[in-house]
Structure formats: structure tokens, C-alpha cells
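Start counting the sequence shown at 1; every next residue gets the next number (full-length UniProt numbering). For glycine and all other residues, C-beta sits at the position ideal for the given N, C-alpha and C. Notes to accompany the following structure.
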Amino acid sequence: MAVVMFGQACRRRLTGIVAGVRDALRAGLWARPVLGTHAAGTASDLLRGRAQLLAENALLRQQLLVLRRSITRPAVTPADRALLVLLTVRVRAWRRALLIVQPETLLRWHRAGFRALWRAKSRPGPGRPPLAPETIALIRQLATENPLWGAERIRGELVKLGIRVAKRTIQTYLPSPRTPRPRGQAWATFLRNHAGEIWACDFLPVTDLLFRPLYAFFVLALGSRRVVHVGVTRHPTDAWVAQQLREATPFGLQPRYLIRDNDGKFGATFARVAAASGIAILRTPVRAPRANAVCERFLGSVRRECLDHVLILGERQLSRVLREYVAFFNRARPHQGLEQATPGPPAQETRSREGPICAVPVLGGLHHTYHRAA
């Protein structure tokens, strides 16, 4: 009896579905929305009978099966993927309802969407404004034309031109690899509180092309780092050194203290000239170069930035090279100890941040100084 009743129920349901398919084919509802839009079609579905909806669903499924057999690979857009993933949330039997893709494919789309969502949420916000391309090109130009300059030295040159860039930013845009810079010892500032009243002097031995000794004598103002005097000789006698002190202090322009080491070239004549000028001599301890740190640091700069790259032929050439370097050192080279300022007044003031930047070679292009064209 139960089997008979079940068969009758199936027959009635199948008859209803067939009738619904017939009605759908006649009305053409399977081919187009009732009102021309998805919203209107959904609203019209609410007024239709259940048998007709089941029939239309079966008709659509059959057409999808036909399309699946005739089309090798359907073209699915990102919007289609997102919509299919969202619809599976509301359909319990979504695995059976999928016809154009495999369930594993839909799960892969869901995982990809999850990763994309969290990447968007984890994306960092906007940082500092990017550096102007002109500034980047200028940084690379300075680094290329001056292989002895580091990031801090380049930053000082940019400050002179009215461009403020952090040291780490400059390091980011430096061309790589660069010529390794010679490493030198960092010297502490000597007697900082009284630097404005103290000068320091020292000798720098140099060897010419024929291995003959030459001696350069420098007098340096500690407060401003300005090179007050430079002299060159092959025979640094006591009288010659005393004459250099006279030339360094014309018209009563002398310091209160003068630092020197224990070199035998500083003799009695030198001491008398210093005393007559009212200068108190401060002798450094034996084998204590840090006691004359600023002057020693300057002598190291002379070697690294000048003499290590020039072949010295004689006394006159050495004097000319050192005077050109001293002029560059005093008026164009920024100093870290002076907050990137120059010891003396710059050769040309930068009053505008506009206009082309001109490069002036120093020592045949070993260094350059930069200014904006008028």
C-alpha cells in the first residue's frame, strides 16, 4: 500500500514539473526576465507557483549541462568568482549546484579572496613624500663626481644648496658599488669651551716623485676650523718655522694659545716670536696625538682628500696644490663639527632654490663645489 502511494506521489510531482516546463516554454520566462531586470525577475518569482519554479530550475540546469558539454572552459571574471563565493553561503547543497567549476576551485577562490582582504587591511599607510627626481639625480651626480665623499659629506653639500635630505635617504640612492673610502680615526674636539682662543700647528711630511722629503706646515683655528696659514719647505729650520708664525699673525691677529707637539723643529726662535706676540705655547704630552686632535684630523683630511691622489713633483707644485685645497677647505667644504657650515664665508652665497646647479671642479676635478646659476 505504501509503495503504491509513493508511486502516485512521484507521478503527480513529475506531472506538475512537466506542466511547469510546458508553461515556461510557452511564456518564454526561461529566456528573459519578466521585467527586464534581476530585481523585477526576483519579485515576479514570488508570485509564481512552486511547481513552475521547480520546472524552470530543471530547465535551466539542463541547459547548463548542454552548455557544459559544448564549451571547453568557461570564462569566469573576478566579479563572477566573488558572486559565486557569496552565493554558496546561502545555498546548503552548493556542491551539487555547481556545474561550471569544481568545488575545490570555489574553495580556492574563497582562500584567495581571504588573503586579498587581509593584504588590503595590512597594507601600510602613506609615508613620507617621495624625493624629487631632480634631487635624486643630484645625489648620484655628487657621488659619481666625488668618489671620496660619503653620505654625510653629500648631505652637507646639499645643505649649502638649500636642499635638506636625511643621511639615510642619501644612502638609499647612492650608486653601488662605490669606491671604498679610506677609514680614518675619529678625533675628539680639543678644549671645546675655549676653541675660539686657541690655534694649533703641526707639520705634515710629504715625499715627492723622487722620494725626497718635503714638509708642509699648517696653522689651524680650532673654533672655526679655518686654516690660517700654510707653508712648504724642504728644510724646516727653527728660523723658517718662526717666520711662518709671523706670517700667520699679521697686524696683531694672534690667538691666546697655540698648541704644538714636541717636534724639535720648534726651537728657541719660534718660542721668542710667540712670546713677543703674546701667544702662550701649549705643548702636548709625548706620544699623545689626541691632545692636538683637530689639527691631526685636518692633516688626515689633507692626505685622504688631496695628497693621496696627486703625484708631487717638487716644492712649488706642493705649495700650489695645498693652497688650492686650503681655499676649497675654508670656503666650500662643509664640516660636520660646524653643523655642515664652512669655516669661512662661502665662495658664493645660495640665495635661491631655483635655477640650474653649476659644478666648479677643484684640483682638476678631484673635488667639486656647487652653486646655483644666477
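Item, Value
"Just list the residues that DSSP pairs tyrosine 257 with in beta bridges.", "Ile198 and Ala280"
"Taking phenylalanine 298 as part of the alpha helix (DSSP H), name the residues at either end of that continuous run.", "293-305"
"One question on the structure: do leucine 253 and isoleucine 279 come within less than 8 Å of each other, judged by their Cβ atoms?", "no"
"Consult DSSP for arginine 372 and reduce its assignment to one of helix, strand or coil.", "strand"
"Suppose the cutoff is 8 Å on Cβ atoms and the five residues either side in sequence are ignored; what does the same chain contact list for asparagine 262 look like?", "Arg283, Thr284 and Val286"
"Tell me where the beta strand (DSSP E) around alanine 216 begins and ends.", "213-221"
"Quick check: what's the CA-CA separation for proline 255 versus alanine 132?", "46 Å"
"Classify glutamate 157: buried if its beta carbon has 16 or more other beta carbons within 10 angstroms, exposed otherwise.", "buried"
"Going by Cα to Cα distance, which pick from Gln52, Tyr173, Phe114 and Lys121 is closest to alanine 82?", "Phe114"
"Compare the beta carbon distance of alanine 216 and leucine 174 with 8 Å and say whether it is the shorter of the two.", "no"
"If we count Cβ pairs, one from each stretch, closer than 8 Å, do we get three or more for the segment 293-307 versus the segment 268-277?", "no"
"Just tell me which of Ile139, Lys160 and Cys201 has its CA closest to the CA of glutamine 171.", "Ile139"
"Compare the beta carbon distance of leucine 161 and isoleucine 357 with 8 Å and say whether it is the shorter of the two.", "yes"
"What residue ranges within the segment 91-175 form continuous alpha helix (DSSP H) runs of no fewer than 4 residues, ordered along the chain?", "94-97, 103-122, 133-145, 151-160 and 167-173"
"For phenylalanine 211, does the count of other Cβ atoms within 10 angstroms reach 16, so buried, or fall short, so exposed?", "exposed"
"Would you call alanine 151 buried or exposed, if buried means 16 or more other Cβ atoms sit within 10 Å of its Cβ?", "buried"
"When we look at the beta-carbon of residue 387 and count the other beta-carbons within 10 Å, is it buried (16 or more) or exposed?", "No statement about residue 387 is possible, as the shown extent of the chain runs from 1 to 374 and does not include it."
"So, for glutamate 296: in the same chain, excluding its five sequence neighbours on each side, which residues have a beta-carbon less than 8 Å away from its beta-carbon?", "Trp187, Asp202, Pro289 and Arg290"
"Can you round the beta-carbon distance between tryptophan 240 and threonine 249 to whole angstroms, since I take them to be within the 8 Å contact cut?", "Not a contact, Cβ separation roughly 16 Å."
"Starting from leucine 359, trace the beta strand (DSSP E) in both directions and tell me its first and last residue.", "A quick correction: the sequence has alanine, not leucine, at residue 359. Segment 357-362, the beta strand (DSSP E) holding alanine 359."
"What are the start and end residues of the beta strand (DSSP E) that includes valine 227?", "227-233"
"Short of 7 Å in beta carbon distance, which residues of its chain neighbour arginine 333, apart from the five on each side in sequence? Order them along the chain.", "Thr342"
"Going by C-alpha to C-alpha distance, which of Arg323, Gly264, Leu106 and Gly49 sits closest to phenylalanine 218?", "Arg323"
"Drop a sphere of 10 angstroms on the beta-carbon of glycine 184, count the other beta-carbons inside from all chains shown, and report buried for 16 or more, exposed for fewer.", "Legend: pLDDT at glycine 184 = 48, less than 50; position of this residue unreliable, value from coordinates given subsequently. Label assigned to glycine 184: exposed."
"Determine the contact status of histidine 235 and glutamate 247, defining contact as a CB-CB distance below 8 Å.", "no"
"Given a threshold of 16 other Cβ atoms within 10 Å of its Cβ, counted over all protein chains shown, does alanine 268 qualify as buried or as exposed?", "exposed"
"Reducing DSSP to helix, strand and coil, say where valine 4 ends up.", "With a pLDDT of 47 at valine 4, under the threshold of 50, the modelled position of this residue cannot be trusted; read the value that follows with caution. DSSP places valine 4 in helix when its eight states are reduced to three."
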